[in-house]
Structures are given as structure tokens and as C-alpha cells.
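S.K.: Protein chains in written order, with our numbering: chain A, -6 to 241; chain B, -6 to 241; chain C, -6 to 241; chain D, -6 to 241.
Beta carbons are placed, not taken as given, at the ideal position from N, Cα and C, and that holds for glycine.
Model, not experiment: these values are computed from the prediction.
There are 4 protein chains.
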Amino acid sequence: MKIIVERDYELMSRTVANLLLGEMFRNSRVNLAITAGSTPVKMYQYLVNAVKGRPYFENVHYYNFDEIPIKGTTGFGVTMSALNDLYFMPAEIRSENIHVLDETNYRHQDERIAADGGLDAILLGIGEDGHYCGNLPGTTKFEDGTTCVHRDAVPGMAETLAAEVGGDPDRAPEFYVTMGPKSVMQSKRIILFASGPKKAETIRKALFDPVTNDHPSSILRMHPSLTVVLDEAAAEGIKDEFHVKQSM
Amino acid sequence: MKIIVERDYELMSRTVANLLLGEMFRNSRVNLAITAGSTPVKMYQYLVNAVKGRPYFENVHYYNFDEIPIKGTTGFGVTMSALNDLYFMPAEIRSENIHVLDETNYRHQDERIAADGGLDAILLGIGEDGHYCGNLPGTTKFEDGTTCVHRDAVPGMAETLAAEVGGDPDRAPEFYVTMGPKSVMQSKRIILFASGPKKAETIRKALFDPVTNDHPSSILRMHPSLTVVLDEAAAEGIKDEFHVKQSM
Amino acid sequence: MKIIVERDYELMSRTVANLLLGEMFRNSRVNLAITAGSTPVKMYQYLVNAVKGRPYFENVHYYNFDEIPIKGTTGFGVTMSALNDLYFMPAEIRSENIHVLDETNYRHQDERIAADGGLDAILLGIGEDGHYCGNLPGTTKFEDGTTCVHRDAVPGMAETLAAEVGGDPDRAPEFYVTMGPKSVMQSKRIILFASGPKKAETIRKALFDPVTNDHPSSILRMHPSLTVVLDEAAAEGIKDEFHVKQSM
Amino acid sequence: MKIIVERDYELMSRTVANLLLGEMFRNSRVNLAITAGSTPVKMYQYLVNAVKGRPYFENVHYYNFDEIPIKGTTGFGVTMSALNDLYFMPAEIRSENIHVLDETNYRHQDERIAADGGLDAILLGIGEDGHYCGNLPGTTKFEDGTTCVHRDAVPGMAETLAAEVGGDPDRAPEFYVTMGPKSVMQSKRIILFASGPKKAETIRKALFDPVTNDHPSSILRMHPSLTVVLDEAAAEGIKDEFHVKQSM
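(1) Is it right to say Gly46(B) is buried, meaning 16 or more other beta carbons lie within 10 angstroms of its own, or is it exposed?
(2) For chain B, is any of its Cβ atoms less than 7 Å away from the one on Asn20(C)?
(3) Listing by chain order, which chain C residues have their CB less than 9 Å from the CB of Gly110(A)?
(4) Would you say Val34(C) lies against chain D (beta-carbon separation less than 7 Å)?
(5) Ser176(B) and Asp103(B): beta carbons closer than 7 Å?
(6) Answer yes or no: the CB of Tyr55(A) versus the heavy atoms of the ligand GTP, is any distance below 6 Å?
(7) Starting from Lys(-5)(B), trace the beta strand (DSSP E) in both directions and tell me its first and last residue.
(8) So is Gly15(C) in contact with chain B if we call contact Cβ pairs under 7 Å?
(9) 7 Å is my cut-off, CB to CB: does Lys(-5)(A) come that close to chain D?
(10) Use the C-beta contact count for Met241(A): other C-beta atoms within 10 angstroms, 16 or more gives buried, fewer gives exposed.
(11) Kindly indicate if chain A contains any beta-carbon less than 7 Å away from that of Asn90(D).
(12) Got a sec? Which residues, its chain only, sit under 7 Å from Glu229(D) by beta carbon, not counting five neighbours each side?
(13) Indicate whether Pro62(A) and Pro166(A) have their beta-carbon atoms separated by less than 7 Å.
(14) Note the first and the last residue of the continuous alpha helix (DSSP H) segment covering Asp103(D).
(15) Under a CB-based cut-off of 7 Å, is Phe135(D) close to chain C?
(16) Buried or exposed: which applies to Asn34(C), given that a residue is buried once 16 or more other Cβ atoms fall within 10 Å of its Cβ?
(17) Indicate whether at least one CB of chain D lies closer than 7 Å to the CB of Leu12(A).
(18) I'd like to know if the region 104 to 115 of chain D and the region 66 to 80 of chain D are in contact, where contact means that at least 3 CB-CB pairs between them fall below 8 Å.
(19) So, for Thr139(C): in the same chain, excluding its five sequence neighbours on each side, which residues have a beta-carbon less than 8 Å away from its beta-carbon?
(20) Count the other C-beta atoms from every protein chain shown that fall within 10 angstroms of the C-beta of Gly159(C), then say buried if there are 16 or more, exposed otherwise.
(21) Buried or exposed for Ile15(C), please, with buried defined as at least 16 other CB atoms from any protein chain shown within 10 angstroms of its CB.
(22) Report yes or no: is there a C-beta of chain C within less than 7 Å of the C-beta of Val204(D)?
(23) Could you check how far apart the C-beta atoms of Asn24(B) and Gly110(B) are, in whole angstroms? I think they sit under 8 Å.
(24) Taking the DSSP output, what are the residues bridged to Ala187(C)?
(25) Mind pulling the alpha helix (DSSP H) runs of 4 or more residues that sit fully within the region 21 to 68 of chain D?
(26) Going along chain C in order, which residues have a C-beta closer than 7 Å to the C-beta of Gln102(D)?
(27) Going by DSSP in three states, Phe168(B) sits in which element: helix, strand or coil?
(28) Using 7 Å as the threshold, is the C-beta distance between Asn20(B) and Lys181(C) below it?
(29) For Pro5(A), which residues in the same chain have their Cβ closer than 7 Å to its Cβ, ignoring the five residues on either side in sequence?
(30) List the whole-angstrom C-beta distance separating Pro217(A) from Gln179(B), where the pair is believed to meet the contact cut-off of C-beta under 8 Å.
(31) Starting from Thr220(B), find everything on chain C with Cβ-Cβ shorter than 8 Å and list it in chain order.
(32) What first and last residue would you give for the beta strand (DSSP E) that runs through Ala114(D)?
(33) Enumerate in chain order the residues of its own chain whose CB-to-CB distance from Tyr2(D) is below 8 Å, with the five nearest sequence positions on each side excluded.
(34) Compute the beta-carbon to beta-carbon distance between Tyr55(D) and Asn90(D), rounded to the nearest angstrom, for a pair I have assumed lies under 8 Å.
(35) Just confirm the distance between the C-beta atoms of Leu116(C) and Ile27(C), as a whole number of angstroms; I'd bet it's less than 8 Å.
(36) Closest Cβ-Cβ distance between Met172(C) and chain D: below 7 Å?
Right, here's the structure in full:
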């Protein structure tokens, strides 16, 4: 586990972009699973700037790791729509380099990724409840591969899904799909990033408290190649442990 | 996870030896943590035959991953004594290539291995209770690094330790040391092997039942590079799952 | 460069087989280019024994690196026929794992291999004239990719080709195809092996004399991951250099 | 070989910095050999900005690959003085992470690097005469390891050395030291970069003309992991070849 602390959101975003670029600058195919959400907004601005119009990145293939279908529509779900807006469209990524996970194909996601050579890296955000991808407490277990989670899996999920699709309960799906903990851990590298004081407590639990399904991201530290990138506010809860490590 | 099933103990032993040799044939330093016990006896015979008198394997460094000190003695403990007999002495491994873990240095084992470049592979046997290294149910948790386990950690441990040192309770130590689950999972590769019908049930639990501290080896499948080598008897409990996988 | 010297042809053959097995024991796709000829006969016996009937090696893909077409026939050429006899048929390799290079597709060999993820290893024999694959002195230059060589490229080539196809000049082709030096050097690893006193001089030139197109294999030592496996007779010419290296 | 063309010097410099950062963001030790000169000035500005004050880069170790001693002085030579000014001092690199090559230790440079685990990447500029490091035409051969070059090795060298040390012939050394072609090619990755129209012709020769000691950098394309970064002016001479490649 390598922990990187940058001063603020801006520097954290640049460092995460540089970490991804480091993976992308290979001569052969690179498979990346990337995240939507608000934390990566600035990071994608750096990345778009470095990737757009560069044919030498045509070796890079992209995967979404979860999806919330929107009921009554036939287009992309919540995650792919967000990734299109944040990155794929402004960076002008070719469609043949984008490998969509959705409710129609999730049962084959793990084999498909294995056949493609495996993920070289997966970029994960973290929720205050310790979730990453769609692995919220109570929805999946460590041993799960890519799976679907029904809206009655845990209390409040139906409301959460309605909020995700824009607030209209009629558009909320019966279930969403997500790469499970076991699938995520198969990636050759995991990059976890977080920003802001609201994430300080969950980061401490993820990295230094017991490994438990109650805090799903606690499993990530078991990976042999985990890189954590934080701004100082998100690192507030691990200052003591981190200083020990830095002074080793 | 790659599951290899060989017909019998002899072929399983040869395949595990070949797996280790595959790691060893590099041009630069290779770090291996290897296991004592009865399962690897035949495997070490193959390995000694391939390694003895070969200067081109001087790039290979060895680590023991647990140790039971013998009270009232100043020499090696149970594990190192067994490794010496099984492999280091017959293969004529140079002492500077053997990195001993014991009760005096276990607190620095994880940093020492990191400074040496990390483990390239760790070879693990498995107990009927699901243990690997000294990680018996109730003694360590997934989040533990290299640690010590006291003889009152779980019921029966004092008797177990006495048996390990030859039956004399006066020679049984207060505690033993072991790389913990988190330390083991940092290895770039994990090789797990088992032989015989007594291991069929524990292998099934390790690979296909819930990931839980109650069956410590259940965590190993979360590693991105796990190779499991079994003889047919040890694979009896996973026939159904395995056939599904093979026919994918 | 790692130089491995074994006592005799038998041990050299076993070590080369173990080197290849080490590459093959991965969880994901492995691409190997392998050689025909007389030197690997014993090696393939070891390999067939370890590979036949093992579904866990279905991740391994094979490439021939040269081919001499047989005029007036529609079947395999000289190299593929030999590889079929030596290895593919006795080891029962599935046809979808065998990627044939021949006179119809050689122009696309380099792109095809790149698209497949590149070669993980290429196994090369060496001729007394310093050739490997079909790179005989005067036929190709270091900068050549996969190419064709006409039978009037160098004096005596027409006779050589006739001999290769069984002695009948009417069956000798106008040209043969071969991966060129630049293509071979793109492999992630090169394994060069040789046996017997007739190879002692060419091995010395390959490893310790000037790098020159006049001795094509002299380029191989420039590769960052070259492993050389010799029996003692083939290593006779490099005893002095080798002892210096061993005592470093 | 991956060829990256950026619009101008500024973008080329940023991309080279990102390539190096990609190597540096590992959890374990990274060994980089880096270049002095005028081409990397802007690149080091990016790098200093990303590295200064970042304890998470303490895993990165640096090597200079050539040195021109300054006669009559006891301090650093020309290359190390330049690297100190360009990078080590402004980035506040710890002295224990800087591994100096000079006239006193060049005979052991190759073994020292091998013992340190080998170079992960080497960053090379290119001269109009095709040289990289101190490998000027006529001074070294492909098969050379780290070596010394005397001032009478080729005509004009004495004058060149005098100019390098500031113009005073009394300060010009009898010889300089450099990693030779064989040593450079042992790096796991080679990054070659060039800027400006004066480099267009030498880049074309390096990448697409015959591999010959007369143009030393022509050997670099034989490496299995070569990345070339150019601005548009330096890429002018390879437009035709490059467009073919891009459209593949």
C-alpha cells in the first residue's frame, strides 16, 4: 500500500491523472476501469487535456464497473451517461475502446475482462459508508463477482436508486449491477482516491480498522498493489498511522 | 485464480516444483517464501534435484513465513529446522540467500521484505481447519501483518505447541510468530497446494465458501494472482465448480 | 543475460522445458514462439509429458517463427510439419492455440503478434553459421521485421532449400519466410539453447564477439531478458568469460 | 516501439515528464537513469514541480549514465553538475537516492545496477550525429558495456571535451566514461526524446535506416520496450513511416 497525500483537491486530481497516464503510456493494450461521480471531475479535466487528439493512446481500453439502468429508456444508464459526459466524449474516445457493463451483460463481465487480459488498473472512489463501485454495506460480500443488487437488498435502496435516476421513482430500476469485491481485487492495480473532510473517517476505517463486509472498502488494503491518493482533508483521520509509515 | 488438478501426489509435487522453478529462472533477484510440513516432501525432492550445484540460481532468496521457537535452545526453531532438512541443506543453499524469520525479528519482517523488493511468490500449504502459515482460526485477523501468537490465544494452542516441539511441554514456547494475512497477500503471487482426501473439504471452503476469518485461507482467492495445485483427492470437493470453470 | 550450463544434453533439455513451463503457468494468455530442429527433440519429450491432457495450459498460444513452403503441395511447410510431429500432435494442442506463419500471411505476422499482446518468450536454436530462425548470414539485416528470403539471396541457398524439403529440387520453394532480427527482439524474453561441441564456437561468437550481421545471433545479447542454456560441450568456448561472470 | 508526437516542445516536455512519473508511482524501488543537456530543461521543470516535497517518491533512485571529469577539480563532473542544477537540487532529491557514475567507479557500474535490480527506465536524448549518452560514432561499439573513451578516440574529441568543461583545454580530461550500448539496452524500458528541426534527420536514421555503429542510436529500436517522444519538428523526417504506422 502506497499512500499519497497532496495538499488539496487540485493537486490530488493532477496526481491521480498522472497515475492513470502512467498506466496508459504502454506499447501494448491497457485495460482500465474508471469511476464516475463528483470526486473525479477535476481529474478528468486533466486527463481530457492529455488524451484528446492523441492517437498514441489508442491502446487504452475502458470499462465501467457498475451501472444503474434507467427504467423506460433504451440508452445508457446512470454511470455510462456520466462517464460519457465527464470523459469519453470530451476526450473523443473511440467507441471500440469502451466496453460497456450493463444489466444485459453483467453475468459475463468477469470472463470478458479475463479474456481481454484482465484489468491493469481500476480507479475507485469511496463513499462515506465505505462503499466502492456498487458495493454498499449489506449488498455484496467479499466473495462476490460481478453481480446484480435488487432494490430491496437493504433499507433505503429504492429511494437511493430513485435519487440516482433523477428523482422520479417511476424511472428507478428493479436492480443495478456492479463488479463485486472479488472481481475488483483481480485487477493488477487498485487506485483509491478521496477528497475532503467528509471522507476522513471512512478512509481511516478502510485502511486501518478491521477488514469487514460492514465497511466494504476495508478489503482493498489486502491487494498487493494498492495506491491511495488523498488530499490533506481526507487524510486527516490517518495522520498518526501515516506519520509512522513515512518515518520508517 | 488458476486451479491445477494433477492425478496424484507425485504429479502434484512435480508441478509445484515446476511452478517454483518458473519463478526462479529470472535474471534478477527473486524472493520466495516457502513452507515446511509433510505435503511438500516430494516437491522438495524434485527441487533439490534441479537446484543443487546450480550457480545460476544464486539470484534466488528464501524466507520462512512462520516460526515456533524451541524453549531452552538457542538454535533454529521448528520451521527453520524443517526447511533446513527438507531443502536448504540438501540443495546446498548459501546462508546469505536464506532470510530467517524468528521471535527476535518478526516486528521488522514486513519492512525487511518490502526493502528487499517484496515477495515474488509465497508457497502455502493448508490445514484441515483452513489455516496457512501460523494463521489458525482465532489467532489472527485478515488485517494483521507479521505478528506473534500467544499460547493462550485459542484453546488447545499450548498442547499444539508442545506437540510441535516434540512433545515436551517444557520446550514449548510462550508464543510463535507468523506472517499474517495482510503480509501474505502482499506477495506478487500466491501458490496454494494440497494433497489427499482429508484436504478436500477445507479446499472447497477456501475457494468457494464465504470469505471469513473463521476459515483463514478463504481470503486467498481475493489475490489477483493465486495458483492452486491439487491432486484429484484434494479436488474432490470442488468437482462441480471446477468443471463449470473448465468448460467456460 | 543469464547463462545456464548443464552437464549434458539430457539435463539441458529438462532445464529448457522447465523454463518454458515457467512461462506457461500463468493465469492469463501466454504467447510462445518455438523452434523445430534436432536440438529440441528431448526437450519436447519433457514438455509433451508435462502438457498433454492438462486443460490448465489452454491459456498458452504457439507461433512458428519461420517456414519453408513445399512446392506443389497445399499442406504445412517444413517447420510446421516438424512442430506438429515434435510437439503439437503428441501434446494434443488445440488448433485454435496454434498460430501458423506461412508464405501467405508473413507480411502481417508482426502486427498480428502485436495485436495478440506480443510474444512472452521465443525459443531459439543456433546454427554453426550463427543463424537463428531463418536469419542466415547475408539473408536479413538487424533492422528487418518478418520477411521473405529468396532462394538466390546467398550462394547455396537453392541447394539448402532443396535439402530442407527432402532433396527434390522440384519441391524447393522460390523463397522462405522468417521473423527477422527486429521482430525476434520484440519478444519480452529470448531463450537461446545449444548442445554439443559443434556449437561451442558459434556460441562464443554470439555472446562475446562483435555484434555484426555476419553472425546474426550476436544481436541477441542486446536484449534485456536473454537466457542462454547450454550443455558443457556447447559452453566449452566461453569457459573463461563464464567463470569471470560466475565469480562476480 | 511506440512513437509519440506532440505539437511543440512544451507539450513534448510535459509528456516525457508524465512518462517518467508513470514509472515513479510504484510501491517498490524504481531505478531511473536520466539525461542532462538542453532538451530536458522544460521537462525537468514539470518534474521538479511534481516531485519536490513529495515523500512518496522516496522509492525512486537515480543514476547518471555518463560523466566528463573536470581536470584539476575534486567535485562533480560535467554531467552530475548539470543534473544537480536541473533536477536534483531544485527537486530536493536525497543524496542516498542518487547513484553517481564517475571515472573512479565506471568499471563496476553494470554490476552495481544489476545488484540494485536493474534500470526500470533510461531517458535518452539524441545528438545530430546519432549519439546517445557518450556513445559518439567511432567511440564505442554495440557490444560495449560501461566503458571509458579516451580523448584521442576520434578526431576532434579533445576539442569537444575542452568545450564541455567550459573552454579551458587545461581542464579537459584524458577520458570520459559512459554506459555503452549493451548496458543501455539492458534497461527494462528506453525513452528517447527529441525536439526541433535539427533532430529530424537523426531521428529518421535512428528509427528507420540500417542498424549500424555509424549511427549509434539505430540500435535502440531493437529494444522490446522503446518509447520515442518527439515534437512535430523533430518528427518531420518520419512523417511517411509514421502515418503508415498510425493507420495500421
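M.R.: This is what the structure holds:
(1) Answer is exposed; the Cβ neighbour count stays below 16.
(2) Chain B, which has a Cβ nearer than 7 Å to the Cβ of Asn20(C), makes this yes.
(3) The answer, in chain order, is Ser21, Arg22 and Gly110.
(4) Not one chain D Cβ lies under 7 Å of Val34(C).
(5) Taking 7 Å as the Cβ cut-off, Ser176(B) and Asp103(B) qualify as a contacting pair.
(6) The ligand GTP is absent from the structure shown, which contains no ligands of any kind.
(7) First-last of the beta strand (DSSP E) with Lys(-5)(B): Lys(-5) to Glu(-1).
(8) It does: the Cβ of Gly15(C) has a partner Cβ on chain B nearer than 7 Å.
(9) At least one chain D Cβ lies under 7 Å of Lys(-5)(A).
(10) Model confidence at Met241(A) stands at a pLDDT of 35, short of 50, so the residue's coordinates are unreliable; what they give is reported in the following sentence. Burial call: exposed.
(11) For Asn90(D), no CB of chain A lies under 7 Å from its own CB, so it is not counted at the interface with that chain.
(12) For Glu229(D), where only same-chain residues beyond five positions count, the Cβ hits under 7 Å are Pro190 and Ala193.
(13) Yes; because the gap between Cβ atoms is below 7 Å, this pair is in contact.
(14) Judged by DSSP secondary structure, Asp103(D) falls within the alpha helix (DSSP H) whose first and last residues are Gln102 to Ala108.
(15) Closer than 7 Å to some Cβ of chain C, the Cβ of Phe135(D) qualifies, so yes.
(16) For clarity, residue 34(C) is Val in the given sequence; the question names Asn instead. Around the beta carbon of Val34(C), fewer than 16 other beta carbons sit within 10 angstroms, so the residue counts as exposed.
(17) Leu12(A) counts as touching chain D.
(18) Proximity of the region 104 to 115 of chain D to the region 66 to 80 of chain D falls short of the contact definition, fewer than three beta-carbon pairs being nearer than 8 Å.
(19) Leu94, Tyr99, Arg100, Gln102, Asp103, Val170, Thr171, Met172, Gly173 and Ser176, listed in sequence order.
(20) A residue is called buried when at least 16 other Cβ atoms come within 10 angstroms of its Cβ; Gly159(C) does not meet this threshold and is exposed.
(21) The sequence given here places Gly at residue 15(C); Ile does not occur at that position. So Gly15(C) ends up on the buried side.
(22) At least one C-beta of chain C is nearer than 7 Å to the C-beta of Val204(D).
(23) With a Cβ gap of about 6 Å, Asn24(B) and Gly110(B) count as contacting.
(24) Bridge partners of Ala187(C): Leu223(C).
(25) Runs found: 34 to 44.
(26) None at all; the shortest Cβ gap to chain C is about 13 Å.
(27) In the structure shown, Phe168(B) sits in a strand (DSSP, three-state: E or B).
(28) Asn20(B) is not a Cβ neighbour of Lys181(C), given a cutoff of 7 Å.
(29) The question names Pro, but residue 5(A) in the sequence shown is Met. Only Glu(-1), Phe186, Ser188, Val222, Leu223 and Asp224 meet the Cβ criterion.
(30) Indeed they touch by this definition, with Cβ atoms about 5 Å apart.
(31) The answer, in chain order, is Phe18 and Asn20.
(32) Element bounds for Ala114(D): Ala114 to Leu117.
(33) Result list for Tyr2(D): Lys35, Ser188, Gly189 and Asp224, in chain order.
(34) So it is a contact: roughly 6 Å between Cβ atoms.
(35) With a beta-carbon spacing of about 5 Å, Leu116(C) and Ile27(C) fall inside the 8 Å limit used to define contacts.
(36) No, because no Cβ of chain D sits closer than 7 Å to the Cβ of Met172(C).
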